[in-house]
Each structure stands twice: as structure tokens, then as C-alpha cells.
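Q: First the structure, which I've put down as C-alpha cells, then a few questions once you've had a look.
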Amino acid sequence: MIGLGLPAVIRSKLRNAWTGRVWTGGNPNGTKTGLNWPTGIAAPLAMVAPALVLIPVLGLLPGLVHGGGFDLLAEFIQAAFSPSLDPLVLGSALKGLGTTVGIALLGWAASVLLGLVLALASSRQVWTSCCGHVWPANLLRRLLALPRSIHELLWGLLLLQVVGLQPAVAIAAIAIPYGALVARVLGDQLDGLPSGALAALRCSGVPAPQALLTALGPPLLPGLLSYGGYRLECALRSATLLGVFGLGGLGTELKLCLQSLQFHELWTGLWLLLAVMLLLETGLGGLRRRWLMPRRLGLGSPSSGSPRLEPGAAQGSGSGRALAAWAPAGPGLASPNPARPWPLPSSPLAPESGAGHRDQGRAPRPDSLGRRGREMVLALVVIMPLLVWLARAMGVHPLGLLHWQPLPNLGAASWASVLALPWPQLVGTTLLLTLVAAALAVGLAPLLLLVIAPWPWARPLLQLAWALARLWPPPLSALLLLLLLKPGLVTAALALGFHNLGVLGRLLLEASDDCPAPAELALKGAGVGPRLALLYGRYSGLARSYLAYGAYRADVILRESVVVGLVGAAGLGTQLLESLSSFAWDQLLALLVVYALLTLVGEDLSDRARHWLLAPT
Amino acid sequence: MAIRERWAAVLAGLSLVLLPAALPGGTPGGPSLLPPAQAEQPQGQAKPVLRIGAIPDQKPEKLNRLYPLVAAELERQLGVQVTYVPVVDYTAAVTAFRTGDLDLVWFGGLTGVQARLQKPGAQVLAQRDIDVAFHSIFIANTGSGLKQIRDVKGLTELKGKRFTFGSESSTSGRLMPQYFLAKGGVKLADFAGGAPGFSGSHDTTIALVQSGAYDAGVVNEQVWRTSLRDGRANRAKVFAIWRTPGYPDYHWIGQPNLDQRFGKGFSRKLQGAIISWRTTNPQQKQILTLFGAQQFSKSTAANYKQIELVGRQIGKIR
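As you go down the protein sequences, you meet chains A and B in turn.
Start counting the first sequence at 1; every next residue gets the next number (my numbering).
Start counting the second sequence at 618; every next residue gets the next number (my numbering).
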């Protein structure tokens with residue numbers, strides 16, 4: 001539809017550019033998949049296609065709006081401009097913020113440490129070098145899928161039942177699933193590193209530990225740091241969310257304020273949290289650029305089948321590559337066309353050579369040699385005592401986690417009551433919720449950017465809205481939406497979708513800013529409107545890796561669907577909270593198993609989707 | 618120069634790393650996630666602290682006003698250190714009692730039964746005069762088209778309306794109302810949207826029904842009366858449609874091991890202290906007023922058999 005407005009000359013050029021060069025559309029033999037990646041004009045449109053879900057959602061909305069809460073909503077919006085500055089409120093918000101940041105930092109540090117150890121323990125290369133067997137690595141990998149498949153909130157609530165109220169619970173709740181995730185990503189990266197150097201060292205008689213460190217350490221570092229930084233941002237969001245469910249920190253205050261409708265106090269906490277979040281994101285972005293680490297959209301495959309760091313990606317080459325830095329390349333290795341190791345064109349219009357070595361202009365000056373190493377050591381030195389201090393200030397006793405309380409023995413489990421739960425409906429609702437939320441988030445991000453393309457002033461507004469969306473834990477937006485909408489699936493999906501839109505939108509914006517501009521400029525110069533120029537100039541190069549990231553995000557959303565349970569009628573999450581408040585351990589166990597199975601299947605599906613999207617054709 | 622700089626940085630870092638280890642004890646005044654429940658585990662021989670808690674059934678600011686007063690009064694009466702530990706929801710209060718993080722908790726009917734079942738030997742200490750026959754009030758928004766109803770059969774009017782309970786585990790905001798709704802022939806799936814909402818607390822229910830976000834809801838009578846009195850409930854926007862028959866509700870429950878930790882006969886002393894509160898004492902009057910009661914009286918587990926029965930019927934107790 002949009003393509004119709006494009007001058008015919010450009011249209012044919014575009015088509016030639018794609019069909020002639022890189023995207024020949026699916027597999028020529030047609031054996032691998034039945035689906036073909038759309039070619040030519042349609043290619044970038046695939047990115048916006050998920051937004052089609054808006055049609056049914058908007059269709060349903062009028063029936064869902066009950067209009068009762070407009071007054072409250074107006075009050076809520078007004079309060080944004082007049083947050084409470086009462087020293088008492090400020091003090092307690094700051095204290096809560098301190099706790100949230102503390103939980104995030106400690107949980108993150110523990111997860112990175114745990115992940116690093118587990119990554120080494122589950123790396124095939126390490127096992128082959130050390131003892132010649134691969135099966136322990138494979139076994140550990142399978143086992144790690146379980147902690148990953150359970151959302152941190154569930155870990156938190158379960159730990160709370162087992163070890164009681166203590167600060168270490170929230171930290172462990174973040175560390176366990178995150179650690180397993182980090183282990184997976186790093187393990188895959190380790191195994192994806194070229195093994196030549198390692199083999200050479202081993203052959204010349206270097207013992208295994210030294211050889212591993214020398215051969216694999218340096219190439220792994222950028223990936224570790226970049227992914228670690230990304231996890232820290234996630235940890236801050238998770239810590240806030242855990243607070244909403246009573247595990248301490250600012251989240252608790254936010255929920256109490258919203259529940260008692262004290263919007264001015266609510267916004268005090270929100271603005272503070274926003275400041276910290278933006279500070280963290282900017283700071284990490286700065287470090288990433290300074291230390292020349294791979295950029296982010298490629299981070300979208302932490303759970304992929306076999307993500308690997310492409311040689312060259314770590315050196316900060318063109319955006320397309322950087323985007324795909326960690327994208328799965330399983331099929332890539334077995335590629336029928338080894339001459340073209342990476343499928344992503346930096347931009348279909350830009351010549352390959354002009355694909356922007358962004359950092360080339362900043363070739364390391366002599367005095368900056370080793371600067372990165374020094375700074376990293378310094379950062380580590382600053383962080384370590386900070387962590388120790390935080391742990392002490394919060395009264396964290398890691399050993400307390402070992403002091404298990406027996407679960408109450410409330411009679412024999414009644415499996416009849418477990419079977420009596422409406423399983424098909426619960427699972428169906430959960431899946432539908434996930435799909436709608438994912439489609440909303442994935443489709444709306446590029447759509448909104450396209451809509452505002454002609455107006456430069458709208459961009460910061462959109463960025464602010466997205467920042468708020470990321471910041472706002474989904475259960476809180478769900479509670480807020482309930483002021484306007486009837487409870488149910490669509491309301492829950494909107495809340496989840498909104499939150500993930502904030503995450504996806506930011507990544508897309510970052511990636512598209514990293515994309516070379518000439519194509520877009522050329523299109524604009526030829527008289528194409530700003531929206532079309534953006535769509536065909538920039539997005540065409542990003543579409544696949546963006547959708548691949550979207551597939552990963554859908555997987556995350558499935559796991560997250562548990563947190564909007566309080567909206568009611570939201571599938572497994574709602575039932576889980578109800579079972580928890582009834583202390584029905586048998587139901588709880590069954591629900592957890594189903595959830596874990598669903599997320600494992602979801603992970604597999606999203607892996608496949610990603611492989612298909614990123615596979616060289 | 619560069620090398621010296623580097624070493625200076627490393628040394629500075631190392632000293633920073635070691636600094637906290639050299640500092641004596643924990644750092645006081647830092648942010649604390651949860652009150653120091655951990656530090657005063659039963660093993661601690663030095664001065665046990667009585668940790669009191671309550672289900673968060675009302676606005677946090679009211680809880681934060683009331684329970685520190687209770688803590689101070691008990692501290693004065695009993696001569697032991699008493700701290701108030703806030704929790705975020707009903708389930709968390711039950712869990713904290715089971716895991717021994719709370720010694721004395723103000724539970725609702727249902728949460729009290731849940732707590733006693735999970736912690737055998739826990740003692741029911743006292744209840745308010747109003748808890749012997751407590752009532753729930755069904756409320757409605759004036760724009761909802763709902764009218765006052767005469768008996769339990771009238772609850773069918775609520776079918777197809779947007780309806781909210783309080784907390785999932787609330788006795789007066791969920792358990793007993795659900796029981797009466799079932800008696801009146803209303804299933805949870807009959808409400809608009811296929812399910813009721815759970816606002817989390819009585820105050821929130823009133824605010825949400827008053828705003829029109831929900832057509833109707835159900836709250837505990839004491840909170841409803843207080844809201845009418847202090848004007849937070851606007852009679853022009855929200856009104857009572859039905860008062861349920863009475864049932865036993867809130868009560869204080871203590872840990873089974875209080876006597877071992879605080880000395881022989883401590884539970885009796887604690888019970889005696891609570892039921893000795895009178896409106897003639899200004900401190901105690903303030904507490905009783907916030908509790909909406911004239912005085913407390915002894916209570917026993919047998920009083921909550923009916924709640925347990927209904928809880929089992931509805932599936933909240935298993």
C-alpha cells in the first residue's frame with residue numbers, strides 16, 4: 001500500500017537492489033522452509049505487519065471501555081506534573097529506590113558470576129580441552145533450561161515460601177534465572193569462538209586452563225561486557241517488579257501508592273526511578289561505545305540455539321553486522337554458501353564497502369592503547385566494594401538462604417482438584433495473551449517511528465513515553481488500565497505489550513540510528529517522503545534482525561505473562577496467584593510445570609523463527 | 618608516570634575493596650529491605666524482640682499510624698522490645714507467620730485459619746467486640762443502576778455488573794461475600810468480564826467503586842463506616858446496597874513458642890495486655906479508635922470453625 005506512493009524508478013531500483021544482491025527470497029530449493037521471506041517492496045513491511053493485531057484490538061476496545069475511571073485517570077496525569085515533594089515521601093521513595101538499586105546490582109553481580117562459572121562448565125570447548133568428553137556440557141545445558149524457564153517473580157515467591165522474608169530472597173530470585181541465561185549466552189559464544197588458537201596452544205603443550213584463558217578470554221570479553229551491561233538494565237526492571245509483589249524496594253511503595261490512589265506520591269517514586277533508569281542506560285551506552293563493544297539488537301538471542309559472536313562483529317563494524325552480533329548462526333555455519341558468511345546487508349542500497357565502519361574514524365591512538373583494560377579494572381575495583389557495602393547495608397545473609405523452612409504439610413495433595421482446573425482454557429488464554437502482546441510490541445515500535453518521522457519534535461516525546469513504558473512494571477500499568485477498561489485478556493495484553501514496546505522501541509531506535517544514513521538521504525533526495533525514506537532507507541536493512549529480536553521478545557513475554565495475573569482472566573498467571581493465596585501446593589506445582597513446559601516450547605519456537613529469519617538464503 | 622598511575626589506581630582500588638571488611642559491624646542507617654527480622658532469630662539469646670504484624674487491609678498510612686502505637690503500648694506493658702513489621706499482602710503475612718518472621722499478627726478470619734493450619738500450636742489470643750459478628754457491606758456506584766436489596770436473593774442483580782472484591786484472602790472482602798453470592802445464585806463468572814476484580818484492600822474497593830471503575834464491590838463494615846464518617850466515601854457517588862449477616866472475623870494470633878522465647882507465661886501476659894486496653898486510657902483509646910472497637914476480648918480457635926468450613930467450600934483452605 002505504501003509502495004504505491006513510491007516513484008516507479010526507485011521502486012524498480014529497490015527491487016533490483018534486493019533481488020540482485022542479497023535477499024533472493026527464501027531458499028532457492030524451497031526445501032528448508034515452506035515460507036519465503038518477502039522480497040522487494042514488501043521486505044521492510046514485514047516488520048510493521050504484526051501491528052495488524054491493532055485492528056481486532058481496536059475493534060474490541062469500545063466494548064471494553066467502561067468510562068468509569070476517567071476522573072481518576074485525569075487525576076493521575078495531572079499528578080505527573082506535581083509529584084509530591086514532601087520530605088517524608090521523598091525520603092521513603094529514596095530509601096525504596098536505594099533498596100531496589102541494591103537488589104538489582106547484587107542480583108546482577110551474582111548472576112554474572114554464576115553465569116560465567118556455569119558457562120565455563122557447560123562449554124563444549126572447555127570440556128573437550130580438559131577431559132576430552134562433551135556429554136557433561138550437554139547435560140548441564142539441558143539442566144540449565146529449567147531455571148531459565150521460570151520467571152524471576154516466581155522464583156521470588158517460591159523462595160519466599162521456603163526461606164521466609166529476607167533481603168537475600170529478591171537477590172537470589174534475580175540471580176538464578178539470570179545466571180542461567182548468562183550461562184547459556186556465554187556458553188554458546190564460547191563454543192562459537194574459532195578454535196584454531198586453542199588447538200595451536202594445546203598442541204604446543206600449554207596446559208588446558210592457561211590455553212583456555214589465553215585463547216578464549218580476550219575474544220569473549222566484549223560479548224561478556226556488553227551482555228552483562230544489558231542484563232543490568234533488565235535487573236533494574238526486575239527488581240522493581242519484585243517490589244510490586246512485596247519483595248521490597250520502590251516497587252512496593254509504587255504499588256501501595258497506586259492501590260490507595262495517591263498519585264502525587266506515586267509520581268515522586270516514578271520520576272526518581274526514571275532518572276536512575278535513564279542514567280544507567282546512558283552510562284552503559286557510553287561505556288559500550290567507549291569500549292567498542294557489540295551493540296544491542298543482536299543481543300536478542302540469549303536463548304537461541306547457537307548464537308555466536310561473528311568474527312568481526314566485536315570490532316564494531318557496520319550496523320547490520322553489529323545488530324546481528326549475537327544472532328544465531330547455526331544454519332550459517334552449515335551454510336551452503338560459505339563465501340557469504342553473514343546474510344544481513346548493512347543496507348540494501350549502500351555498497352557493501354560503504355557499510356560504515358563506524359568506529360574506523362576512531363582508530364586507537366597510541367596513548368589509548370590498553371586504556372580499555374585499565375578502565376575495566378578500575379570499574380571492577382569501584383564496583384566490588386560498592387557491592388560489599390550494599391550487601392552489608394541491606395543486611396543480606398546469603399547463608400540465610402540455606403536455612404529452609406519446611407513447607408506446611410496440608411494433607412495429601414489432591415490431584416483431582418489439580419486436574420479439575422480448566423487447563424485448556426488457561427493455556428489457551430496464556431498463549432493468546434502472549435501473541436497479542438508480542439504483536440503489539442513488535443509491530444507498534446516501527447509503526448510509531450514511521451508515523452512521527454516527519455516531525456522531529458515528536459521524537460523526544462516518543463522516547464519519553466517509551467522510557468515510561470519500560471519503567472512502569474506491567475502489573476502497575478494493568479492496574480491503571482483497569483480504571484478505564486474491563487478486566488480481561490485484552491487489558492492484560494495491552495499492559496504487557498506497552499511495557500515491551502518500551503524495550504523494543506528503544507532498541508530499534510538505537511539500531512536505526514547506527515544504520516548508515518546514505519540510503520535514506522538518497523531516497524529523500526529523490527523526492528521520497530520522510531516516512532517512506534525511513535522505511536526503505538533504514539528499516540529494510542534492519543527488518544530481519546529486528547523481527548528475530550521480536551521472536552526472542554515473544555519468548556520473554558510468555559514468561560512475563562505471569563505478572564499480569566492480577567488483571568483477572570489472564571490465564572495461568574491469574575490461577576497461579578489464586579493458588580498461591582490458597583496455599584495449594586499441588587496446584588502450584590502443576591502450574592509451574594505447565595509454565596515451564598510452555599516456555600521451553602516457546603523458546604524452541606522462537607529459536608526456530610530466529611534461525612529462519614537470520615538464515616542465509 | 619603511566620605505570621605509577623596504574624599502580625596508584627590499583628592500590629586505591631584494593632584499599633577500597635578491603636575498607637568495608639575493616640569497618641566494624643554492619644553499616645547502620647543504610648537502606649534496609651525488610652526489618653531486621655533475620656537478626657533476631659529465635660536462637661538470639663540476647664533480648665528477644667517481639668515482632669508484630671498485620672494483614673494490610675487498609676491504606677498503608679493508617680496501618681503505619683496504628684501499629685507503631687500498638688508496638689509502643691505493648692512495649693510499655695510487657696517490658697520487651699516490640700517492633701512493627703509491615704507486609705505487602707495477605708499471603709505474605711501468612712507466610713511470614715509460618716516462617717517465624719512475625720511473632721504476633723492481626724489476621725483476618727480466613728488468613729488466621731490459614732496461618733494456624735500452617736503453624737500447628739499457634740494460639741488465638743484476642744478479638745475485638747465487633748469481630749464476634751462482623752458484617753460485610755455490598756456497595757454500588759450511584760450511576761450503576763443498582764438499587765438497595767433486601768435479602769441474599771437480591772444479589773442476582775449483580776450479574777453482568779463490573780464487580781470487585783478486596784484482597785483474594787480477605788474474609789470480609791472476599792470469602793464471606795463469595796459465600797453469600799453463591800447462596801444468592803451468583804457465580805464468579807457471572808460478572809462483567811467473566812471474573813471479579815481483586816482491588817487488594819477495602820479502601821481501594823471504595824475508591825474504585827466511587828470512581829465508577831467498578832459498578833459494585835464489597836467491603837468490611839468497619840472500614841465503610843469510617844470512610845463515611847471522614848468523608849472519603851462520597852454518599853452522592855457510592856452507597857450501600859446490602860449488609861450481610863454476621864460472621865466471626867479478625868483476631869490476634871501468636872507464635873507457639875512465645876513462652877520459650879520470652880519467659881514462662883508470656884502468652885498469657887500478652888493476651889492480658891491486649892484485653893486490658895480501655896478507652897479511659899488516652900493511649901489505648903487512640904488504638905481502640907483506630908481499630909474501630911470498644912475493647913478486645915479473649916478468643917479461641919473454636920470461634921473460627923465456620924470460617925474454616927466456608928474456606929474449604931470455596932477452596933481457599935485445603
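Yeah, the Cβ is synthetic: ideal placement off N, Cα and C, and Gly gets one too.
These numbers were taken from a predicted model, which means no experiment stands behind them.
Examine chain B for any beta-carbon lying closer than 8 Å to the beta-carbon of Lys-486 (chain A), and answer yes or no.
A: For this step, residue 486 (chain A) is matched to residue 486 along the first sequence. With 8 Å as the cut-off, Lys-486 (chain A) counts as an interface residue toward chain B.
Q: Using beta carbons (cut-off 8 Å, strictly below), is Asp-706 (chain B) in contact with chain A?
A: Along the second sequence, read from residue 1 onward, the residue named residue 706 (chain B) stands at position 89. Closer than 8 Å to some Cβ of chain A, the Cβ of Asp-706 (chain B) qualifies, so yes.
Q: Quick one: which chain B residues come within Cβ less than 8 Å of Asp-86 (chain A)?
A: As a first step, residue 86 (chain A) must be located in the first sequence, where it is residue number 86. The contacting residues do not exist; Asp-86 (chain A) stays about 12 Å from chain B at best.
Q: List in chain order: all unbroken beta strand (DSSP E) runs of 3+ residues lying wholly within the region 822–889 of chain B.
A: Those beta strand (DSSP E) runs which fall completely within the region 822–889 of chain B and span 3+ residues are 833–837, 855–860, 868–871.
Q: Since Ser-828 (chain B) meets chain A, which of its residues come closer than 8 Å, beta carbon to beta carbon?
A: The residue you call residue 828 (chain B) lines up with position 211 of the second sequence. Chain A residues near Ser-828 (chain B): Gly-68, Gly-69, Asp-71, Leu-72, Leu-483.
Q: Check whether the region 165–181 of chain A and the region 121–134 of chain A touch, using three or more Cβ-Cβ pairs below 8 Å as the test.
A: No contact exists between the region 165–181 of chain A and the region 121–134 of chain A.
Q: Measure from the C-beta of Glu-785 (chain B) to each C-beta in chain A and report whether the shortest distance is under 8 Å.
A: For the purposes of this step, residue 785 (chain B) is taken as residue 168 along the second sequence, with counting starting at 1. Glu-785 (chain B) counts as touching chain A.
Q: What does Arg-779 (chain B) touch in chain A if you count any residue whose Cβ is under 9 Å from its own?
A: The residue you call residue 779 (chain B) lines up with position 162 of the second sequence. Within chain A, the residues near Arg-779 (chain B) are His-66, Gly-68, Lys-486, Pro-487.
Q: Which same chain residues, not among the five before or five after Gln-259 (chain A), have their C-beta less than 6 Å away from its C-beta?
A: If you number the first sequence from 1, residue 259 (chain A) lands on position 259. Cβ neighbours of Gln-259 (chain A) beyond the five flanking positions: none.
Q: Quick one: grab the DSSP three-state call for Arg-142 (chain A).
A: In the first sequence, counting from the first residue as 1, residue 142 (chain A) sits at position 142. Helix at Arg-142 (chain A).
Q: If contact means a Cβ-Cβ distance below 8 Å, which residues of the region 159–177 of chain A contact chain B?
A: Answer in chain order: Leu-160, Gln-161, Val-163, Gly-164, Leu-165, Gln-166, Pro-167, Ala-170.
Q: Which runs of the alpha helix (DSSP H) spanning at least 4 residues fall entirely within the region 463–498 of chain A, listed in chain order?
A: If we require 4 residues or more, the alpha helix (DSSP H) runs fully inside the region 463–498 of chain A come out as 474–481.
Q: CB-CB under 7 Å to Arg-459 (chain A), same chain, minus the five flanking residues each way: which ones, in chain order?
A: Along the first sequence, one-based indexing puts residue 459 (chain A) at 459. If we look at Arg-459 (chain A) and ignore the five residues flanking it on each side, its Cβ neighbours are Ile-452.
Q: State the start and end residues of the unbroken beta strand (DSSP E) segment that holds Lys-95 (chain A).
A: Numbered from its first residue, the first sequence carries residue 95 (chain A) at position 95. Here Lys-95 (chain A) belongs to no beta strand (DSSP E); instead the alpha helix (DSSP H) covers 87–121.
Q: Please state if the CB of Ala-235 (chain A) and the CB of Ala-439 (chain A) are separated by a distance shorter than 8 Å.
A: On the first sequence, position 439 is the one that residue 439 (chain A) refers to. On the first sequence, position 235 is the one that residue 235 (chain A) refers to. In this structure, Ala-235 (chain A) does not lie closer than 8 Å to Ala-439 (chain A) by Cβ.
Q: For Ala-677 (chain B), count neighbouring Cβ atoms within 10 angstroms of its own Cβ and tell me buried if that reaches 16, exposed if not.
A: Looking up residue 677 (chain B) in the second sequence gives position 60. Note that residue 677 (chain B) is Pro in the sequence shown, not Ala. Label assigned to Pro-677 (chain B): buried.
Q: Please identify, using Cβ separations under 9 Å, the residues of the region 414–430 of chain A that lie next to chain B, in order along the chain.
A: Flagged, chain order: Ser-414, Ser-417.
Q: When the Cα atoms are used, what is the spatial distance from Lys-886 (chain B) to Gly-164 (chain A)?
A: If you number the second sequence from 1, residue 886 (chain B) lands on position 269. If you number the first sequence from 1, residue 164 (chain A) lands on position 164. Rounded to whole angstroms, Lys-886 (chain B) to Gly-164 (chain A) spans 28 Å at the Cα level.
Q: What does a CB cutoff of less than 7 Å around Ala-890 (chain B) pick up in its chain, not counting 5 residues either side in sequence?
A: Taking the first residue of the second sequence as position 1, residue 890 (chain B) is located at position 273. Cβ within range, chain order: Leu-691, Gln-694, Leu-695.
Q: Can you tell me whether DSSP reads Trp-723 (chain B) as helix, strand or coil?
A: Position 106 of the second sequence, counted from the first residue, corresponds to residue 723 (chain B). Note: Trp-723 (chain B) maps to strand in three-state DSSP.
Q: Give a yes or no on whether the minimum CB-CB distance between Gly-246 (chain A) and chain B is below 8 Å.
A: Counting from one through the first sequence, the residue named residue 246 (chain A) turns up at place 246. Closer than 8 Å to some Cβ of chain B, the Cβ of Gly-246 (chain A) qualifies, so yes.
Q: Run through chain A and tell me which residues come within less than 8 Å of Lys-933 (chain B), C-beta to C-beta.
A: Taking the second sequence and counting its residues from 1, the one referred to as residue 933 (chain B) is at position 316. Those are Ser-581, Ser-582, listed as they occur along chain A.
Q: Just tell me which of B:Val-697, B:Leu-667, B:Tyr-701 has its CA closest to the CA of Pro-673 (chain B).
A: Along the second sequence, read from residue 1 onward, the residue named residue 673 (chain B) stands at position 56. If we check each option's Cα against that of Pro-673 (chain B), B:Tyr-701 comes out closest.
Q: Per the DSSP calculation, Phe-780 (chain B) is bridged to which residue(s)?
A: For the purposes of this step, residue 780 (chain B) is identified with residue 163 of the second sequence, where counting begins at 1. Phe-780 (chain B) pairs with B:Ala-833.
Q: Return no unless some Cβ of chain A is closer than 8 Å to the Cβ of Thr-821 (chain B).
A: In the second sequence, residue 821 (chain B) corresponds to position 204, counting from 1. Yes - at least one Cβ of chain A is within 8 Å of the one on Thr-821 (chain B).
Q: Hey, does Arg-852 (chain B) have any beta-carbon neighbour from chain A nearer than 8 Å?
A: Walking along the second sequence from the start, residue 852 (chain B) turns up at place 235. Not one chain A Cβ lies under 8 Å of Arg-852 (chain B).
Q: Less than 8 Å between the CB atoms is what I'm expecting for Ala-710 (chain B) and Phe-724 (chain B), so what's the real figure, rounded?
A: Position 93 of the second sequence, counted from the first residue, corresponds to residue 710 (chain B). Position 107 of the second sequence, counted from the first residue, corresponds to residue 724 (chain B). 7 Å between Cβ atoms; contact.
Q: Leaving out five residues on either side along the sequence, give the residues of the same chain with a beta carbon under 6 Å from the beta carbon of Arg-715 (chain B).
A: By one-based count along the second sequence, residue 715 (chain B) stands at place 98. Within the same chain, Arg-715 (chain B) has close Cβ partners Gln-735, Lys-736.
Q: Leaving out five residues on either side along the sequence, give the residues of the same chain with a beta carbon under 8 Å from the beta carbon of Leu-250 (chain A).
A: Position 250 of the first sequence, counted from the start, is the residue given in the question as residue 250 (chain A). The answer, listed in chain order, is Ala-93, Gly-96, Leu-97, Thr-99, Thr-100, Thr-240, Gly-243, Gly-269, Leu-272, Leu-273.
Q: Look up Gln-698 (chain B) in the DSSP assignment and give the residues it is bridged to.
A: Counting from one through the second sequence, the residue named residue 698 (chain B) turns up at place 81. Looking at the DSSP assignment, Gln-698 (chain B) forms a beta bridge with B:Val-666.
Q: For Asp-572 (chain B) versus Val-840 (chain B), is the C-beta distance shorter than 8 Å?
A: The structure shown has nothing for residue 572 (chain B), since chain B only spans 618 to 935.
Q: With a cut-off of 8 Å, do at least 3 Cβ pairs link the region 367–384 of chain A to the region 143–157 of chain A?
A: The answer is no - the region 143–157 of chain A does not touch the region 367–384 of chain A, with fewer than three Cβ pairs under 8 Å.
Q: Since I believe Leu-572 (chain A) is in contact with Leu-591 (chain A) (beta carbons under 8 Å), could you give me their beta-carbon distance rounded to a whole number of angstroms?
A: Walking along the first sequence from the start, residue 591 (chain A) turns up at place 591. Walking along the first sequence from the start, residue 572 (chain A) turns up at place 572. Correct: roughly 6 Å between the Cβ atoms.
Q: Considering only C-alpha positions, which residue in the set A:Leu-534, A:Val-562, A:Leu-509 is nearest to Pro-44 (chain A)?
A: Here residue 44 (chain A) corresponds to residue number 44 of the first sequence, with the count starting at 1. The residue with the shortest Cα to Cα distance from Pro-44 (chain A) is A:Leu-534.
Q: By DSSP, does Leu-421 (chain A) sit in helix, in strand, or in coil?
A: One-based indexing of the first sequence puts residue 421 (chain A) at position 421. Looking at Leu-421 (chain A) - three-state DSSP - the assignment turns out to be coil, as it is neither helix nor strand.
Q: Once DSSP output is grouped into helix, strand and coil, what is the label at Phe-751 (chain B)?
A: One-based indexing of the second sequence puts residue 751 (chain B) at position 134. Three-state DSSP puts Phe-751 (chain B) in a strand.
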